[in-house]
Every structure is written in structure tokens, then in C-alpha cells.
Amino acid sequence: MNILVCIKQVPDMESRFKVAASGTWFEESDLAWRINEYDEFAIEQAVQLKTEVSGADLTVLSIGPARVKEALKKALAMGCDRAVNLVDEAAHEKDSFQIASAIAAFAKEKNFDLIFTGMQSQDRGSGQVGVLVAEMLGIPALTTAVEFAYADNSVTVRRELEGGLRAAIKASTPALVSCQLGLNTPRYPTLPNIMKAKRKEMLEIPVADLLKEEARLTTLSLAYPEKKGSAQILEGDVADLVDQVIGILKEKTAVL
Amino acid sequence: MELTREIYWNVGHSVMIPMYLLVTAAFSVLVWGLRKRLATYRLGQALERCDRRNERLSGVLRDIFLQARVLRVKGAGTAHGLFFFGFVLLTIGTTLVFVQADVLDPLFGLRFLTGNFYLFFSIVLDIAGLVAIIMLLGLAVRRYLLRPKDLPTVGDNALMLGLLLAILFTGFLLEGARMAATELGTDLSWWSPVGLFFAQPFAGLSEAAQRSIHSGLWWFHFALVLGFFCAIPFTRLRHLLLTPANIFFRDLGPTGKLTTLDLEDEEAESFGASKVSDLFWKDIFDADACTYCKRCQDRCPAWNTDKPLSPMKLINQIGEVSFSNPEANLIETITTDVLWSCTTCRACQEICPAAIEHVPKIIEMRRNLVLMEGEFPGEEVTKAMENSEVNGNPLGMAPATRADWAEELRAEGIKIADLAAGETAEILYFVGCYASFDKRNQKIAKSFIKLCSAAGVTVGILGKEEKCCGEPMRKLGNEYLYQMLAAENIEQIQASGVKRIVSACPHCFNTLSKDYVDLGLELPVEHANSFLAKLLQSGQLKLKQAPIDCTYHDSCYLGRHNDLYEAPRQLLKAAGAYLHEMEKSRQESFCCSAGGGRILAEEKIGERMNQKRAKMAAETGAPILVSSCPFCMSMFEDGIKGADLDEQLKPLDLLEVLAERIG
Amino acid sequence: MKALLVGEYREGKLLETTYELIGFAQQLKAEFELFLVASEDQLPQVEAKLYLADVNEAKEYNPALHKQLILEAAEKAGADTIVFIHSSNGWDLAPRVALALSAAQISEVVEIKEDGYLLPACNAKLRRTVKAATGKQVITLQAGAFMPAEQSGAPQVEKLSITATAQTEFLGYEQAEAGEVDLGKAEIIVSAGRGVGKPENVAMIEALAKALGGEYGASRPVVDAGWAPHDRQVGTTGQTVSPKLYVACGISGAIQHLAGMKKSEFVLAINTDKDAPIGEVADVLVVADIKQFAPALTAKLEG
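These protein sequences, in sequence, are chains A, B and C. Following the working numbering, the numbering of the first sequence begins with -16 at its first residue and continues without gaps. Following the working numbering, the numbering of the second sequence begins with -13 at its first residue and continues without gaps. Following the working numbering, the numbering of the third sequence begins with 189 at its first residue and continues without gaps.
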């Protein structure tokens, strides 16, 4: 069985973001990078599947500059067999359609039986890439998986819907599964596996070799919503405070 | 009348041949029994513990012959010490008899057990024997009638007490029978007062009866002594030989320093310990040297808050597995809940009369769990590990914000050099994660800077380039992450060109000063307390006294790990504090629960350690709980609230107290 | 602009979010028509054209079939903008439609800007304004971001015929097991700190959480004191949470707690001390005694 897991390296969401001079993305200095949280569940599921199915081969892929090799190394340490870096210094300028096109172009001739992706990325959060790759390859996409099972060339997935509801769906391979948080418990790599990972294959392909498409989305600007760190302080009579708070919740949040 | 006695009276010199044959046989059994154990010690990994012999021997002298460690605990410790001294005197006496009767007299006709020396010899041995009997009876009463909680009593204990008491009693009876026949009514008899007492029952008998009773007792007494020798390797009497040996083989420090694993070792198939053979030979030897005195268990903060860890049981389990089933999985036997419960506070090791090293064994097994299995005490810990990998701190805070606290001081005009940006200063202040990111603990960092500034010391920090020192990760067994973080810190420190490091966090201090040495950092590292105490002494730092009623909590990594008990108290005194000491203070201090990486873990089992400690502090009646550790501060902030003591007790760091009193 | 709004229907019910789509289209002042896979007795009350696929034939959510039907409706409507809710089905379906239409997809819109649409980025720490570079566009709306339209009128229904197609097989719905509370996914969390005073007052916080439609949590000292169970603990030694609204009730803000909830999008804190560290991460800090404030707010929300 041939498995692909696609991961993205994202800044830690706690990082202190600074809008870059271009005004459309953030500066990369002072950022701490990590594997997109959703993708960690994808890696774990792929590794679990690999150990269940004999003779499975697991490739992990990531698009981006040299720093994404750190993310790939961790995926290798978690149990992937080989890594592919689609080298792209300007990956952040690509839209979901372009990223999906590059992955689909890479996957096209490789006959992957299963492709795992995260449900979305933490930085962009558009949740498109997985479904787009599946559509481009003409295979079913099973999204938002919180449970996964594989047997006899078919996958069964429980999708997480709203309000605690789940939907069980089934498809035959080849297929793509996008993983929601909580699908499994991503493993912490053991030291021998970290050591082994250093000797595993890391393939580099310039993204231009695979990507011929233009972007379909234009980013106009990136900005801070409001300044954190200085809370608006409300004082006074409790009844007034209650009214003020309800007003603020209605205005600033979508919960009421 | 001649002031001496006839040796081999009644039994005659002819017993020498059978006696020595039997003694040789008994010693052979003893040696054979111990040699059999040697094979098991050899299951462990090699470790050099025979270097610095003079230091090792002087330790044996102090801790065995002077019973220094044993006597630290009143009651049972005192009884053991006195019994030991009596027993040693009797052994010396017996040796003197042997030297005279079997060596000097037959060969050279030389006798020294005569005259005034004999009188002295006689009375000292009598009293020694009496003291030994009283102490043994006292210990028997403690064990069998008072029954201290959780004292492990097995058949061995009855055998040991019974055998020793029987030897001493038969010795006195023997003396009594001899005296009844030879000394009764002489002045000489007063020099054997206990013997005289035991002679009374025999007084009315005929000499023939006295002689036959004596002869029977002699052989019985002798048989008991032979039995005693034979029993040593097979019972808890082992400790007679193995505990002194273990003191000789003890860890000579630095206190609490862990072995640094070679992670690049291509040959290594496994890391940490899951089997006996993964441990050092000394770890197995430790198990054999244990006296089951339970002092470690009595002090263990985990045991005292209803967690499954007893340091004594853990050591005993290692012994059982080593000798009965050495291939078994140690971690499964001991269980992970036990291993994760340890706060590495060292209370067990500090008090152990046999110099057993409990903590390193726990760490070795944790290393195996983490490095080989990827297992942690909970998901929150895994998350903290990942946060540390990505952000350089277990809290997952943005590294770019690490030195934000310093900006507030800089805005006030206080200079803090950014060493990572090429500025210079006399000392590098290694801030640590909690004082960097936690608003409460930032006050400690600010206080330290203000104190240094008042003393005219220029201070620099690594700013956002500083990483977690790696201590909690290392103590939780994650040697890999520790070495990664340490390497990054060392690189930054070395690049800064700084010559001296000071930290106000005992965990950072202990790690930088002891553990980083193995990774190439060789700069002097001090804790803020001793650093400031020196500035105070030299007059550079001036404090004005303002009264404050407080109690002081000795943090484990300052006290037991670094013997820094006086500096904080001197500083408190200089600040005008009136100190209400807790019952458990200094070496006996009770852990706040944050050590051993437990600060990152949820305390799922038993009573909350931090609340228990907060209650102890409140019992002193002092309204302020002073400590010298950001981890302790975090624990007490929660513990005081959790124990519902927030109305009466407030935690403060020593540095905060001092900073309010800058003169 | 001509929009096709893709409403949602599940297990016999029209989902309320459908009115948010209409609200969005109205705010955009766009011409719009609707698409629904539903049953005829559950149609939205709106004065607009509605392309309806009968759920009895189409069955539950089937992306391949829905895509085919939407494309048909979009063509009939002459729509250049297809709008979905950014929901589990919305984000599953939107990219399929976008690719088929060679359209750009704009995900999780929270606001309409003059020159484009505003989206959250990096856990809502940043906001990104984007626009489509293509003639057609597919948009998904963050649930709750747009005011629902008023419910009035009746749609003009055009039924779509169904040609079976499927890549996946639907096996059924199930309710997630109610095990330990997973605060990690809760959208609203109201947490009790020591400021609530006594164990019985945790119920006050629970009531407020219920009134807000969220879960209740607790700080470590509250859990330590046994006032709330372990699975409610928010913080580094409990659960790390990132809700849309976090209400910190009588929590001063120890670092372990802050590190566990600082990813929340909006933080409302109620504390008697206005200098409490919780102010560092709070958007609004109400200086009040939680024991008075919480019941008052609950009453107002319920009333």
C-alpha cells in the first residue's frame, strides 16, 4: 500500500506576529515554527495504518523553504518512510488552489492508495487543499475525520459535524482523508526513531517543476484586529455592567 | 590476688582446634554467601566508585564508626548508634582476648589483660554489653509493641534481634557461671557488675554443677556466634558489611548531578533503564545495602501525600527483581505511577543512612519511558515538551516576548544589557521561564535587577535568545530535549563572552552549575541568594531593616541540592525579618510539588503537595511564606488558595522582600 | 453580482444558518437565489427563488451529488458567487464547486470590506483581506459572523431532478459519546476561579455557561479544592482551550491558567482586582464581585 501524508509547517500561534513590509503576510523573523496541529493527526493516522498493513510505504510531503525540513524530519521520526520537500521560497504567496495543484501534480503518477491531510491549516484556515487535491485526482475526499478505519480497500470515516453529531461514511481506495483534531493521539517520537529519521531519504523538488497554475485569490492586506494586552476596564453598578457586557458581546463576538 | 581471669577457664585450651575449624567453616559460609551475590551485582553496568579512596574511607569512618548518618534521627537512630558502639566494644574485647590467648601468650608467654588494664577492660565490656542489651530491647519494643507505621517487619528482624540478644545474654550467663565459681566474694567481681548480677543464680550450686553449666553455655554461646556469621549473607544482617561498603562506594557529587547520556552513540540499542542490566552495578548494590529503616519513606513528599511512591519499596523492588528474576521488566514491576510521582526533592537520599541513590534510578527508568516509548505522565506533559521544542519554553509562550518584562524596567531607566545583541555586563542573569513569562514571577526578576542595580552590579540577559534550561524535561527523562535546549543556551552564553552567571531560579542554577559542565559550559554559576549575601557582606548592597514576620521554605534545589541554607536566612535577618521556622525546614524541608518536572504535570493522585506545605507554613502563625524559587512561588500561589489559606498567608520571594528594603 | 446561497438541512430540519447566508447577501446588496437539499415542508421563509432537491431522493449529504446539483442550479441562476456556511458540510463542498467552476474560494468570511472580504488568520490573531482574481467566486461564511435575515415570505421553488452519483456511501448519523468533557473544542467556556468563594457557587458559573450556550471550566485551585472535577480544569496542567468566548470568573490569572486559555478569541474577565494578571489577556475586564455579577448576567441572558 502506498500512502501519502501532506503536511504544512506553520508558525506557533503564540508567536508575536509582525506584518511584513509587503503588507500581505507576516514577517518570518522571531517566529517559532511547528507542524500544523491538524497535520500531526494526519501523520499519526498514516503511521498507524502503515503498521497495520504489511508492506505499506509512507511518504510525507511539504511545500515551502528549507525550514520545512524540520517539520519533515519530525514526521520521519514519527514513522514516515521518506520525505519530499517541494521547495518553494514563496509558498506563503501561493493560494490553496496552487498548493493543491502542486501536490496533485506530484501525486498523479504515484498511485497513492490513501492520502492524508489535515482538515485545515492553523495560519490560513481555509480548509481547501485536501478536498481540492482529491477532486483534481478524481478520488473521494472524506473530510473532518474523527475516527478512521481501513479494511479490504475501503475506508470508513466518522466525520465530525456540528453539535456533537457525527456522520459515518465509507469509500473505496484510492481516497483522501482530511483529519480533524482528536482523531488520535499523535505520538511523541522515540529517540531511536529520531536517530533513524536522520538517515531517511529527503527528496527535494523545485515547486516550479510541478506548478504551472496562476493564483486565483489575491491577498490585499494583513492586519491586527485590535490590540490585546490592554483590557477595556468596566467599573460601576452591577446592573449597568451586565448591560454593557451584553452589548459588547453582541458587538465583538458571534456568540449571542 | 592477680587482677585477671583465666581464659578458656573450664573449657580448656583443647577447644581451640574444633573452635577454629568451626569458625573457619562459618566464615566460609559467610564468604560463599556474599560471593554468590557478587554475580548479581555484576549484572549492572560498569561505574567507577573506587576513586578518591581517602575521601571514601573517611566517609566510612564518619558514617559507620561514628554513626553520623544513623544518629541524625533521634530515637531508633540513637538506639542503633548506642547498640553499635556497645557491639563494637565487645568485638574489640573479644579480639583482645583472641590476641592474648591464641597468639601472644602461646607464642611469647605475653599477657596484657592484667592489672588495672584488666579492670578497665572488664568494666567497659560489662557496660557495653548492658547498653547493647538495653538498646536491643528498646528496638524490639519499638518494632513489635509500638509498631511504627509502615515499618516493614519480616522474619529476619526477629531472627536478628533474637540472635543478638541471645548472644549477649548467654555471654553474660557464661560470665556469671564463671564468676560464681571463681570470683564471687572477691573485690575483682565488682569490676564486672553485670557479670556479678548474672552470677547470683549460680552462687548456691556446687562447683561441679557450675562447671557443667558453664561448659554447656560456652558451646551454646559459641554456636550462636557461628550462626550469626552464617546468617549475615542470607538475612538483613547483610547490612553489617554491605552498608559500610555502600558508604565507601557512595556518590561523591556534585550533589544531584545526573549522568549525561551519549545520544549520538550509534551502538546504543536502548536508553535509560527498563531492566536490571540497564542499571549500574551500584544500583543493585544499593538495594542490598538497604536497611529497611524507612527514613526515606517517612520524608518522601509523594508518600506523605498518598501517592504510590515509597523510595524504600522502589529500592527493595529493584533488589527483588535483581536477585529473583533479573530479566523482568523493572518498570512494569515498579509501575509508571510510582516513577512519575517523584519530585526529585532528594529528601530520601539526604537522610539515607546507607547512602543509597534513589533519584538517579527513577530518572533512568523515566528516560526509558520517554526516549524508548515516547511515554509521559499525561498529555499535558507531552504538550509542554512539544511547546519547549518549538518555543523554547514549556508554557508555549512566544519566544519573542521572553524579555518583555525587562522593557518595563528599561523604561524606568534601569539598564539591563542585551548580551545576545553584543552588549556587555558583569554578570549574566539567567532568568528562566517562569520569571520571564509569569506576571507574578516577573516580580522576582525585577527585584533581582533592582538589587543588582542598587549594588552597582551591571546585569545582562540573553533576552529572547534564552531558552528553558531544560531541567524539568531532563528530570522527566527527556534527555534529548534537555541536551537540545542546553546546547542552544550554551552557544548563546559562550557567544556573549560573559564571565559569570547568576540565576534566581534554583532549578536553572543547579542545572547550569552542575549539568551543563558535561556539555561544555565551565563558567562560575551562582544563585542570587549567595550572590547577594556576598554583596551584603562586602557592603556593596545596603539594606534597611523593616520588620516582617515570616516563615522560610527551603526549596529542594537550593537546600538539599546545594546546601544553601544560611545565605537566605542571613539576608532575611539583614532585612529585619523575624523568622518562624517550620518544623520541616532546612534538610528536612518538604517539597512544594514542582520538582522533577512535576510542575508540568497534573497531580492526579492523592493529596495536593503544595497545599500540605502551605498548611505547614500557616501552622507557624507567620503571615508571609518566603521562598527563593519561581516554581515554589507558582505552587504556593495555588496551594494557599487551594487550602483556603489566602486570608492568612501570602507567598513572597526573598528577592521581593529585599527589593523593598534597598538602602 | 448574482449569488447562489447554499442552505443546509439535516435530519428533517432546515438549519438556522441558512438565514445568515441571506443576511450576508442582503448586506452585500446582491441579487440572490437559494439552493437546498431538503423536504418541502421545511423551506426557508424568504422571498426568493429556491432550487430544491428532494431529500427523500437525494438522501443525506452526498458531496458528489450535491456538487452536481449546485452546478446545475448555479448555471440556471446565472450565479457568479456561490455562498456556503463554513460548516463541516460547507467546507467539504465549497472546494469541489470552486474547482468545477474554476473559481477562487474565499473561506470563513467574517466581514465585507470595500475591496474584498475579511478573513481570520492565525487563530484570529490577524485578519486578512482577500479578493478573487477569477470571474466567479465561492465564499464560505463563518457561522455567526453575519446577522441572520428576518424570516418572512415564501420562496418560489424550482425542483431539480436527481441523477444518482456518489463517491462515498453514507452509513448514518451518531451522537458523539458523552465521555469526559472536551473543553478543547468548546466555543464558549465560562470558568470559575477561587473568586467564586465557595464550592456551591460553582453552580452559578455552570448556570452562566448554560445561559451562554457553552461549557463551564475551572482554574486549578478550584479543581484542587475539589469544587469541580478534573476534566473541567483549564490550564497547562489541565486542558488547553481556544474558544470564541472565554469568560474568566474570579480568576486572577496564574501563569498555568493563562497559558491554557490565552488562545481564546475573546476574553471577558470578571474580577474584583483590576490589576489582576488576567487583565493581560482579557479584552474586557469587569471590576465586580463575580458572586453578584454572574447571577445578574445569567438572569438577563435568560430573561
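All C-beta atoms, glycine included, are put in the ideal place defined by N, C-alpha and C.
| Any C-beta of chain A under 8 Å from that of A309 of chain C | yes
| Is the number of C-beta pairs between the segment 601 to 614 of chain B and the segment 528 to 539 of chain B that are closer than 8 Å three or more? | Here the segment 601 to 614 of chain B lies against the segment 528 to 539 of chain B, with 3 or more beta-carbon pairs under 8 Å apart.
| Can you give the Cα-Cα distance for L640 of chain B and T241 of chain B, rounded to whole angstroms? | 24 Å
| query | Residues in the segment 372 to 397 of chain B with C-beta within 8 Å of chain C's C-beta atoms, listed in sequence order? | reply | So the close ones are P380, L381, G382 and M383.
| said: If contact is defined by three or more beta carbon pairs under 8 Å, each pair taking one atom from either stretch, is the segment 145 to 157 of chain B in contact with the segment 97 to 109 of chain B? | reply: no
| request: Between the Cα of A88 of chain A and those of A:L193, A:V238, A:L217 and A:K(-9), spot the shortest distance and give me the residue it belongs to. | output: It is A:L193.
| request: Tell me, please, whether the segment 625 to 632 of chain B touches the segment 236 to 246 of chain C by the rule of three or more beta-carbon pairs shorter than 8 Å. | output: no
| When C:A442, C:G423 and C:A457 are compared against G448 of chain C, the one with the closest alpha-carbon | C:G423
| said: Does the CB of Y171 of chain A have a neighbour CB from chain B at under 8 Å? | reply: yes
| field | Neighbouring residues, chain A, relative to S368 of chain B (Cβ below 8 Å) | value | Note that residue 368 of chain B is Thr in the sequence shown here, rather than Ser. Correct list: Y171.
| For the alpha helix (DSSP H) that Q28 of chain A lies in, which residues bound it at each end? | Residues E20 to E35.
| field | Sufficient close CB pairs (3 or more, under 8 Å) joining the segment 260 to 274 of chain C to the segment 324 to 331 of chain C | value | yes
| What number of angstroms, rounded off, separates the C-alpha of A163 of chain B from the C-alpha of L29 of chain B? | 51 Å
| said: Does chain A have any CB closer than 8 Å to the CB of Y466 of chain B? | reply: yes
| query | Hey, is the segment 343 to 360 of chain B in contact with the segment 473 to 484 of chain B, meaning 3+ C-beta pairs nearer than 8 Å? | reply | no
| Taking Cβ to Cβ, would you say V221 of chain A is nearer than 8 Å to A236 of chain C? | no
| field | Proximal chain B residues relative to R(-1) of chain A, where beta-carbon distance stays under 8 Å | value | The contacting residues are A384, A386 and T387.
| said: Given this structure, state the Cα-to-Cα distance separating G230 of chain A from A252 of chain C, to the nearest angstrom. | reply: Rounded to whole angstroms, the gap between the alpha carbons of G230 of chain A and A252 of chain C is 43 Å.
| query | L231 of chain A CB to nearest chain B CB: under 8 Å? | reply | Looking at the sequence provided, one finds Ile at residue 231 of chain A rather than Leu. Cβ-Cβ to chain B under 8 Å: no for I231 of chain A.
| query | Is the number of C-beta pairs between the segment 421 to 436 of chain C and the segment 445 to 463 of chain C that are closer than 8 Å three or more? | reply | yes
| Residue span of the beta strand (DSSP E) that contains H513 of chain B, given as start and end | V511 to H513
| task | May I ask which residues mark the beginning and end of the beta strand (DSSP E) holding S45 of chain A? | result | For S45 of chain A, the enclosing beta strand (DSSP E) covers residues D40 to G47.
| field | Option nearest Q111 of chain A by Cα separation, candidates A:K33, A:R199, A:F131 and A:Q215 | value | A:R199
| Residues bridged to F416 of chain B (per DSSP) | B:S489
| Is the distance from the Cβ of I487 of chain B to the Cβ of L381 of chain B below 8 Å? | No.
| message | When you measure from the CB of S349 of chain C to every non-hydrogen atom of the ligand ATP, does any distance come out below 7 Å? | response | With respect to the ligand ATP, the structure shown offers nothing to examine, as it has no ligands at all.
| query | By how many angstroms is the C-alpha of P458 of chain B removed from the C-alpha of I233 of chain B? | reply | 29 Å
| field | Whole-angstrom distance between A151 of chain A and V390 of chain C, CA atom to CA atom | value | 37 Å
| request: Determine the closest residue to G266 of chain C out of C:R198, C:H254, C:F223 and C:L192, with distance taken between C-alpha atoms. | output: C:L192
| query | Opposite N459 of chain C in the DSSP bridges: which residues? | reply | C:V475
| For E161 of chain B versus F184 of chain B, is the C-beta distance shorter than 8 Å? | yes
| By a C-beta neighbour count over all protein chains shown, 10 Å radius and 16 as the cutoff for buried, is C36 of chain B buried or exposed? | The residue in question, C36 of chain B, is exposed, as its Cβ has fewer than 16 Cβ neighbours within 10 Å.
| field | Start-to-end residues for the alpha helix (DSSP H) that takes in Q428 of chain B | value | K425 to A440
| request: Could you pull out every unbroken beta strand (DSSP E) segment of at least 3 residues lying fully inside the segment 382 to 455 of chain C, listed in chain order? | output: 403 to 406 and 433 to 437
| request: List the residues of chain A whose Cβ lies closer than 8 Å to the Cβ of T322 of chain C, in chain order. | output: R199
| request: Ignore the nearest five residues each way along the sequence and tell me which others in D142 of chain B's own chain have a CB closer than 8 Å to its CB. | output: T221, R222 and L223
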